[in-house]
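Asker: Okay, handing you the structure first.
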Amino acid sequence: MNAPVISVKNLGKCYRLGSSTGHDTLRDHLTHTARSIARLFSRSSSASTNVEDNTPTEYWALKEVAFDVQQGDVVGIIGRNGAGKSTLLKILSQITDPTEGEVQMRGRVASLLEVGTGFHPELSGRENIFLNGAILGMTQREIKRKFDEIVEFAEVEKFLDTPVKHYSSGMYVRLAFAVAAHLEPEILIVDEVLAVGDAQFQKKCIGKMQDVARSDGRTILFVSHNMTAVKTLCTQAVLLEKGRVTHAGSVNEVVNTYLHKSSANELERNFDLWENAPGTLQVRLKSLKVIPELKNGMLQATVRTPIRIECELWTHFTEANLNLSMFLNDIGGECIFNTSSTAHAVSNGICKFTCFIPGDLLNDAIYTISVLVVRDRSVPLYNFKDAVTFELLDERKNKAWHGKWPGAVRPHLDWKFEQQCSTHP
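Rendered as structure tokens:
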């Protein structure tokens with residue numbers, strides 16, 4: 008057997024929480040400096056208070072991770088939020104260094120980890136195509152040869168000479184994916200960026216990745232919460248749990264293991280401190296709750312139960328307009344529906360969005376909810392995926408048939424029946 012294209016051996020990544028060392032990026036250094044200054048003033052103004060314990064705490068985002076990938080394999084990296092998927096991809100993409108272990112990569116790597124990765128906002132789409140190509144190590148001749156295919160795939164011909172800072176998130180991801188997929192890297196690493204695009208574009212991207220893998224023999228690592236997409240695209244899969252590989256092998260076996268391990272009911276996510284909450288420097292998730300409106304002593308929500316969704320956010324803005332977009336997905340990652348709030352002005356503090364799902368709408372199944380925080384109706388700020396999980400049980404008036412009710416939804420609709428008497432010839 009040929010040597011693997013990707014070989015991961017005893018890989019580990021440790022973060023020292025509260026430590027003054029180990030900053031991976033310029034942002035980390037600046038944040039640390041700002042916090043140090045704040046602590047200095049805080050201590051000088053409150054000398055009588057006890058100095059907090061700043062003993063560093065180790066957090067292993069990855070531990071003893073090992074697997075091999077052969078040329079032409081399409082491998083899905085799956086797992087819950089916090090399992091270590093993004094950390095693994097950052098190490099494979101050489102964005103951050105591992106604490107221990109090693110990675111051997113044989114071939115040119117293209118990574119698509121965030122919307123518009125490697126784009127300069129002031130440059131046009133045309134200029135960014137050449138910039139990205141140069142970053143990937145392509146010559147100007149190679150980029151020109153693929154230029155028309157990239158533009159056609161991205162569907163941004165009208166905006167090619169417009170600075171990409173004016174692009175919508177969908178245009179960003181179309182162009183970024185088109186560049187990464189068409190400039191012929193031996194290894195393509197794709198994170199959950201395709202969720203930004205519409206369904207037609209996602210299908211187009213998956214088709215392109217299939218062509219790249221089957222026709223050109225290139226290797227793809229694909230991270231997604233959409234298990235249908237993983238099963239469609241991938242031949243192999245790796246399941247991460249709490250930073251460790253628990254299963255690796257056939258995509259169907261690994262995905263089925265993951266789905267069976269998923270909890271049926273995790274109705275709340277609460278974060279007591281801003282520092283521990285997921286999000287950005289401007290907005291973080293304080294809580295997300297699924298509240299079934301149970302009646303008559305019911306212990307479990309059914310398809311007839313109304314559901315209330317409450318989302319609280321910490322916001323740190325001088326002035327901004329925010330709206331919340333909510334995605335209801337089935338356990339396989341397929342989106343049942345997406346709904347968005349109106350935009351509201353926010354500043355520093357806590358804001359709360361509430362959404363109501365009526366009874367007699369959804370089918371009996373297990374569902375997850377993801378929320379996307381959006382600024383000015385067009386700028387995604389943070390996407391918290393599969394934050395909560397809930398299950399709806401079956402309830403029907405017709406007890407004569409006990410099979411699974413077909414369809415993603417099960418709305419209770421009003422019907423009308425009329426009959427006219429007539430004399431048949």
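Residues 8 to 432 (the numbering used here) are what the sequence shown spells out, left to right. Where a beta carbon is used, it is the ideal one built from N, C-alpha and C, also for glycine.
According to DSSP, simplified to helix, strand and coil, what is residue 239?
Answerer: The answer is helix: DSSP assigns residue 239 an H, G or I state.
Asker: Please report the residue range of the alpha helix (DSSP H) in which residue 136 lies.
Answerer: Unbroken alpha helix (DSSP H) run through residue 136: 132-142.
Asker: Which residue marks the beginning of the alpha helix (DSSP H) containing residue 263, and which one marks its end?
Answerer: 258-268 is the extent of the alpha helix (DSSP H) around residue 263.
Asker: Quick check on the DSSP output: the alpha helix (DSSP H) that includes residue 311 runs from which residue to which?
Answerer: That residue, residue 311, is in no alpha helix (DSSP H); it is neither H nor E in DSSP.
Asker: Report the rounded CA-to-CA distance for residue 96 versus residue 351, giving the unit in angstroms.
Answerer: Approximately 35 Å, taken between the alpha carbons.
Asker: What does the alpha-carbon distance come out to for the pair residue 299 and residue 381?
Answerer: Cα to Cα, residue 299 sits roughly 26 Å from residue 381.
Asker: Just to confirm the assignment, what range does the beta strand (DSSP E) spanning residue 90 have?
Answerer: Note, residue 90: premise wrong, no beta strand (DSSP E); not H, not E.
Asker: Looking at residue 82 and residue 99, is the spacing between their C-beta atoms short of 8 Å?
Answerer: It is not a contact, given that the beta carbons lie outside the stated cut-off.
Asker: For residue 397, name the three-state secondary structure that DSSP assigns.
Answerer: DSSP places residue 397 in strand when its eight states are reduced to three.
Asker: Among 292, 267 and 93, which residue has its Cα nearest to the Cα of residue 278?
Answerer: That would be 292, whose Cα lies nearest to the Cα of residue 278.
Asker: Between the C-alpha atoms of residue 73 and residue 254, what's the straight-line distance to the nearest angstrom?
Answerer: C-alpha separation (whole angstroms): 11 Å.
Asker: Name the two residues that bound the continuous beta strand (DSSP E) containing residue 160.
Answerer: Note, residue 160: premise wrong, no beta strand (DSSP E); alpha helix (DSSP H) at 147-161.
Asker: Using three-state DSSP, classify residue 283 as helix, strand or coil.
Answerer: It is helical.
Asker: Determine, using beta-carbon pairs with one atom in the region 309-319 and one in the region 360-374, whether at least three such pairs fall under 8 Å.
Answerer: With a cut-off of 8 Å, the region 360-374 and the region 309-319 count as touching, because enough Cβ pairs lie within range.
Asker: Based on DSSP bridge pairs, tell me the residues matched to residue 327.
Answerer: 353.
Asker: Determine the extent of the beta strand (DSSP E) in which residue 112 is found, giving its start and end residues.
Answerer: Run containing residue 112: 107-112, per the beta strand (DSSP E) assignment.
Asker: Along the alpha helix (DSSP H) that carries residue 176, what are the first and last residues, could you check?
Answerer: Segment 176-189, the alpha helix (DSSP H) holding residue 176.
Asker: In chain order, what residues of the same chain have a beta carbon less than 7 Å from the beta carbon of residue 158, not counting five sequence neighbours either side?
Answerer: Excluding residues within five positions, the ones whose Cβ falls inside 7 Å are 164 and 167.
Asker: Kindly indicate the opening and closing residues of the beta strand (DSSP E) around residue 342.
Answerer: Taken as a continuous stretch (DSSP letters only), the beta strand (DSSP E) holding residue 342 covers 342-347.
Asker: For residue 339, does the three-state DSSP call read helix, strand or coil?
Answerer: In this structure, residue 339 counts as coil in the three-state DSSP scheme.
Asker: Report yes or no: do the region 135-145 and the region 179-191 share at least 3 C-beta pairs separated by less than 8 Å?
Answerer: Touching, per the Cβ criterion.
Asker: So the beta strand (DSSP E) residue 294 belongs to, where does it begin and stop?
Answerer: Note, residue 294: beta strand (DSSP E), 290-299.
Asker: At what residues does the beta strand (DSSP E) containing residue 65 begin and finish?
Answerer: That run of the beta strand (DSSP E) goes 64-76.
Asker: Alpha carbon to alpha carbon, what distance is there between residue 238 and residue 275?
Answerer: Taking the straight line from one Cα to the other gives about 29 Å.
Asker: Does the beta-carbon of residue 212 have 16 or more other beta-carbons within 10 angstroms, so that it is buried, or is it exposed?
Answerer: Buried, by the Cβ-count rule.
Asker: Please determine if the region 278-288 and the region 245-260 are in contact, where contact requires at least 3 C-beta pairs separated by less than 8 Å.
Answerer: The answer is no - the region 245-260 does not touch the region 278-288, with fewer than three Cβ pairs under 8 Å.
Asker: Among the candidates 186, 174 and 297, whose CA atom is the shortest distance from the CA of residue 149?
Answerer: Comparing Cα-Cα distances from residue 149 to each of 186, 174 and 297, the minimum goes to 186.
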